Structures are given as structure tokens and as C-alpha cells.
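Have a look at the structure below, then the notes.
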């Protein structure tokens with residue numbers, strides 16, 4: 001019998017899981033380190049519901065996810081990574097981060113066996129409304145017809161970048177009747193060849209040689225990142241943001257006015273180019289007046305677990321202070 005199976009037979013845990021199925025809030029104390037993760041895995045094994053685990057930091061979130069994956073072979077454990085400061089957010093360039101976020105959101109939304117682990121920074125993060133995220137998925141098959149202009153616009157909304165050729169996940173290219181897309185979570189890009197509005201062939205191919213690797217009957221392309229927006233949404237966000245910026249700028253004078261202008265102009269330029277730059281993540285309410293969070297992606301029957309709640313709240317306060325200091329310093333140095 002495995003360790004998790006032994007813990008799952010504990011009378012106190014059985015009582016807890018029985019209460020969890022009825023809803024409400026519960027506190028478990030007296031556990032630490034590996035024992036806490038093993039207990040949490042036993043709870044998940046018993047309740048068999050999607051679970052969102054919130055740790056105090058990304059470091060501890062990664063540890064929990066690794067331990068949970070080892071303890072629960074029949075569950076699908078995902079990490080939703082999030083930088084804890086704006087300075088780090090801007091510095092992140094790895095494709096692994098948006099891929100992990102999109103996979104975690106999709107799992108949380110659709111997979112009854114999902115366990116998603118994040119930090120308090122991830123839990124606080126504004127996300128696209130669930131309906132917008134779902135609408136930004138693309139199903140391609142031989143049963144439907146497609147307008148290439150609409151298909152290109154759809155891929156742009158999904159966060160894919162148009163290039164002459166695809167070279168990495170997140171790219172797409174259009175050449176005549178051929179559309180190449182490199183899905184974020186795929187090993188190889190996909191080539192769609194159309195005859196007018198009908199799909200004539202669908203296959204994977206090798207980026208280096210351009211040779212076909214295999215035919216497909218259908219493909220699901222998920223967003224390139226967790227923030228999806230149509231051109232209309234971006235234009236509305238730019239209008240709202242520029243209005244707020246102008247009102248605040250006009251209250252200032254001298255160096256303060258110049259510093260604010262120099263700090264905000266790149267954000268506005270990015271929106272003009274259809275890009276959501278990292279500093280704009282502080283202002284996502286201008287893009288999503290009613291933004292979602294990870295909790296909105298979790299089904300109603302799912303479980304939310306805060307690992308070391310007091311420490312998580314302390315870290316949230318510290319992050320807010322550090323981000324405020326970062327902006328103040330940035331404005332001074334602009």
C-alpha cells in the first residue's frame with residue numbers, strides 16, 4: 001500500500017473529505033513539509049475533484065507540484081507560474097511560461113483530474129474572462145469552411161505573431177492558400193492548405209527542412225498566452241487607458257509630468273501595435289473591465305487549498321510594496 005493510500009484511511013482525513021464535499025471552509029494544522037504535501041495528495045485522492053493549490057511563493061509552488069506529481073500518478077498536475085514582481089515580469093522571455101499558463105488554465109477548466117499549483121502572485125493575477133479564453137481556441141478540421149482573412153485575424157486575437165515563416169511556437173505565416181501555425185503546446189508546426197474556403201490538407205512539418213511529417217484529421221490550437229483580446233478590445237483598452245493617462249498627466253507639472261509621460265508612452269505604443277506589454281499587466285482592468293482570475297476557471301465543485309495562508313498573505317503584502325517601490329523608482333528615472 002502506498003503512503004497516500006495509508007493517509008487516506010486516517011479517520012480524521014475521512015471526516016475532512018466528507019465535510020469538503022459539502023462545501024465551506026476548513027483549516028488543517030500541525031503539518032509541515034513533505035507531510036503536508038502527502039496529506040494534501042491523500043485529500044485529492046479521496047475527493048477526486050479538480051484542485052487549485054495556492055502557495056506563498058513560486059519556489060514553494062514548484063516544490064508542491066513536483067511532490068504532488070510523484071504522489072498522484074493518476075492525476076494531471078500543472079503549474080501556473082507567475083513572477084512575484086513587475087521587474088521580474090518584464091525580464092521573463094521564456095516560451096515555457098505562457099505555455100505552462102495556457103495548459104494550466106485549460107486543465108483547470110476542462111480536466112476533472114486536474115491539480116493546478118500556483119503562488120499567491122498567480123492567484124492575484126488578472127486573466128481574460130473565461131468566455132473570452134474559450135472563444136480564443138481554434139478547431140480546424142475538414143468539416144468546416146474557413147475564410148483566410150478571418151482565420152488570420154483569429155490567430156492574431158489568440159496572441160500568435162505573423163511572420164514570413166514559422167520558426168518557434170507562437171508564430172504563424174500565410175502564403176497564398178497555405179497557413180502555417182506553430183501551436184504553443186505542439187512539438188511540430190501545422191500546415192493548412194486550402195482550396196478556396198475548404199481545407200484541402202492538414203499536416204505537421206519540420207521547421208528546418210519544411211518536409212511533411214504526417215497527416216492530421218483535425219487540430220486544436222490554443223491561445224499563445226493567457227491574455228487574449230480582439231482588435232476591438234485592444235482599441236477600447238487604448239482609449240480608456242489614454243483618457244486616464246491624460247487626466248493624470250494634466251494634474252502634474254515639470255519633471256513629474258515628463259516622467260509619467262515617458263513611462264506610459266511605451267505602453268500606449270504597444271497597444272497601438274496590438275501588443276500587451278508586461279507593464280500594462282498592472283492595468284488590465286482597462287482591457288477587461290471585469291477580469292477573471294484562476295478561481296473563475298476552477299469548476300464550482302473544485303477545491304481551493306491555501307498552503308500556509310498567513311505566509312501567503314504576508315508575501316502578498318510584500319509584493320504590493322515592492323511593486324509600488326518599483327513604479328516610483330521607474331518614474332523617477334524616466
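Numbering (the working numbering), first residue to last: 1 to 334. Where is the CB? At the ideal position from N, CA and C, for every residue including glycine. Keep in mind that this is a model prediction, so the values were computed, not measured.
Based on the DSSP output, what are the partners of residue i in its beta bridges?
i           : result
residue 190 : 181 and 204
residue 162 : 172
residue 105 : Looking at the DSSP assignment, residue 105 forms no beta bridge with any residue, so it has no partner.
residue 221 : 138
residue 127 : 292
residue 114 : 76
residue 303 : 51
residue 119 : 55
To the nearest whole angstrom, what separates the beta carbons of residue i and residue j, a pair I think is in contact under 8 Å?
i           : j           : result
residue 76  : residue 107 : 6 Å
residue 189 : residue 209 : Not confirmed; about 12 Å, so no contact.
residue 51  : residue 305 : 6 Å
residue 228 : residue 133 : 6 Å
residue 169 : residue 95  : 6 Å
residue 223 : residue 97  : Incorrect: roughly 14 Å between the Cβ atoms, too far for contact.
residue 105 : residue 226 : 6 Å
residue 195 : residue 146 : With a Cβ gap of about 11 Å, residue 195 and residue 146 do not count as contacting.
residue 185 : residue 99  : 6 Å
When burial is assigned at 16 or more other CB atoms within 10 Å of the CB, is residue i buried or exposed?
i           : result
residue 82  : buried
residue 238 : buried
residue 313 : exposed
residue 24  : exposed
residue 60  : buried
residue 80  : buried
residue 318 : exposed
residue 37  : buried
residue 18  : exposed
residue 48  : exposed
residue 157 : buried
residue 58  : buried
residue 142 : exposed
residue 11  : exposed
residue 21  : exposed
residue 45  : buried
residue 162 : exposed
residue 119 : buried
residue 307 : buried
Which of helix, strand or coil does DSSP assign to residue i?
i           : result
residue 100 : helix
residue 1   : For residue 1, the predicted structure reports a pLDDT of 45, less than 50, and the residue's modelled location is therefore unreliable. The matter cannot be settled from this model.
residue 145 : strand
residue 198 : strand
residue 152 : helix
residue 213 : strand
residue 6   : helix
residue 234 : helix
residue 308 : coil
residue 229 : coil
residue 243 : helix
residue 326 : helix
Write down every uninterrupted run of the alpha helix (DSSP H) in the segment 11-85 whose length is 4 residues or greater and which is fully enclosed by it, in chain order. 11-20, 33-47 and 58-71
List in chain order: all unbroken alpha helix (DSSP H) runs of 4+ residues lying wholly within the segment 248-293. 254-272
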